[in-house]
Amino acid sequence: MSDRKNTSFIPARRRTLFTLAALGAGLSGALAGRVAQAADAPKTLRIGYQKYGNFVVLKARGSLEKRLAAQGIAVQWLEFAAGPQLLEGLNAGAVDIGTVGETPPIFAQAAGVDFVYIGHEPPAPRAEAIVVPKDSALHSVAELRGKKVALNRGSNVHFLLVEALRKANLAWSDIQPVYLAPADARAAFVQGSIDAWAIWDPYLAAVEKQASARQLTDASGLVRNVQYYLATRKIATAQPQLVRAVLDELDQIDRWARDNVPAVAAQLSPLVGLDTGILETALRRTSYGVQAIEPATLAYQQQIADTFTGLKLIPRKLDVTEARWNVA
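Using the UniProt record's numbering, the first residue of the sequence shown is number 1, and each one after it goes up by one.
Structure follows, in structure tokens:
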């Protein structure tokens, strides 16, 4: 015979009280969980962004601020020169959520930064490239042997350069990497103190238009060039609804931006200091549509991690799935 109580023998009135009591206990537990979560909610959400991208558009439109104001949460925007620098801010506790390319998370995880992947944009391989001056004698990646190539160490173009060299049957040791942030690399490129530059949009579009830079190759057929959204593990675990609110606002911005490139360029122009023509070029090479992190996405990141481990550019083998966002 079953051990379960047969409630059919409980008088109707007592059965009703029994049900209400159980329901009340469940509601009390759920309410307590929501109250605890609300108590843990930050007073300010700190978002790290770069000079260009849909976080800049979201900041300009102010829709996230309006959405979170109802919860008593302010938004603080913090600009960084590139992904590695942004992740340093996240590691220092100055950033809650940020956006970076595909390689910075690998270097950050290797350095012990405690973050999780919360979403990503579709691949945009045309939005990064290896360029040379217009009058350069170089016309292929294979000719970079012994040459000085500038890049931001640990940025998305780091993986592009590795894979481009591999395809050209060159080893990393066959070039002279010069690690420079975008602004410094642009100056070195224009002055002729480097031979080539691995760079992403809108810096890429700008140097093509303003200095007639010539592409040796973009990322097509080499790497995906995926833009990721990251969060500290702490805030992603404690405040998943806050993370979802940010991703939802980004998705709305994406859907609008995809169909309104000239308007986005006009909005970004005074914010980033580039003319609309440059920005339209960059925007037409980007991708749109926030996507969830799937196993295939993490497998691709694992490939990047294993590549840099093999090159001894990171000190240990990583398990990228440790940075998965385990959210109900």
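Don't be surprised by glycine CBs; every beta carbon is placed ideally from N, CA and C.
Residue i versus the options, residue with shortest Cα-Cα distance
i	options	result
K148	P125, V116, F189, A183	F189
P122	D201, K167, P315, T286	T286
A213	V100, V131, T99, I304	V131
D135	V261, L216, I106	L216
A205	I278, A94, Y117	I278
I293	A124, E143, L247	L247
I194	I314, L86, A185, P262	A185
Q85	Q227, I97, P104	P104
N326	A231, Q267, Q191, A266	A231
Backbone secondary structure at residue i - three-state DSSP
i	result
R67	helix
D218	strand
I304	helix
G310	helix
Y49	strand
Q291	strand
H120	strand
W325	coil
Sequence-distant residues of the same chain with beta carbon closer than 8 Å to residue i, five excluded per side
i	result
L58	L64, E249, L250, I253
A22	Because the pLDDT of A22 is 39, which lies under 50, any placement of that residue in the model is unreliable, and the question is left without a value.
R67	A245, E249
L222	P125, L160, E163, A164, K167
L269	Inspection of the sequence shows that residue 269 is occupied by Ser rather than by Leu. So the qualifying residues of the chain are D275, T276, L279.
Beta-ladder partner(s) of residue i, from DSSP
i	result
A74	T44
V178	A150
T99	Y229
Rounded distance between the beta-carbons of residue j and residue i, thought under 8 Å
i	j	result
R126	D218	5 Å
Y179	L151	7 Å
L283	I106	L283 to I106, Cβ: 27 Å. No contact.
Neighbourhood of residue i by C-beta distance below 7 Å, restricted to the same chain and skipping five residues each side
i	result
I304	E102, T103, I106, F159
Check: residue i C-beta below 8 Å from any heavy atom of the ligand COA
i	result
D201	As for the ligand COA, it is missing from this structure, which has no ligand bound.
Sequence-distant residues of its chain with Cβ nearer than 6 Å to residue i (five each side left out)
i	result
K209	I278
P315	none
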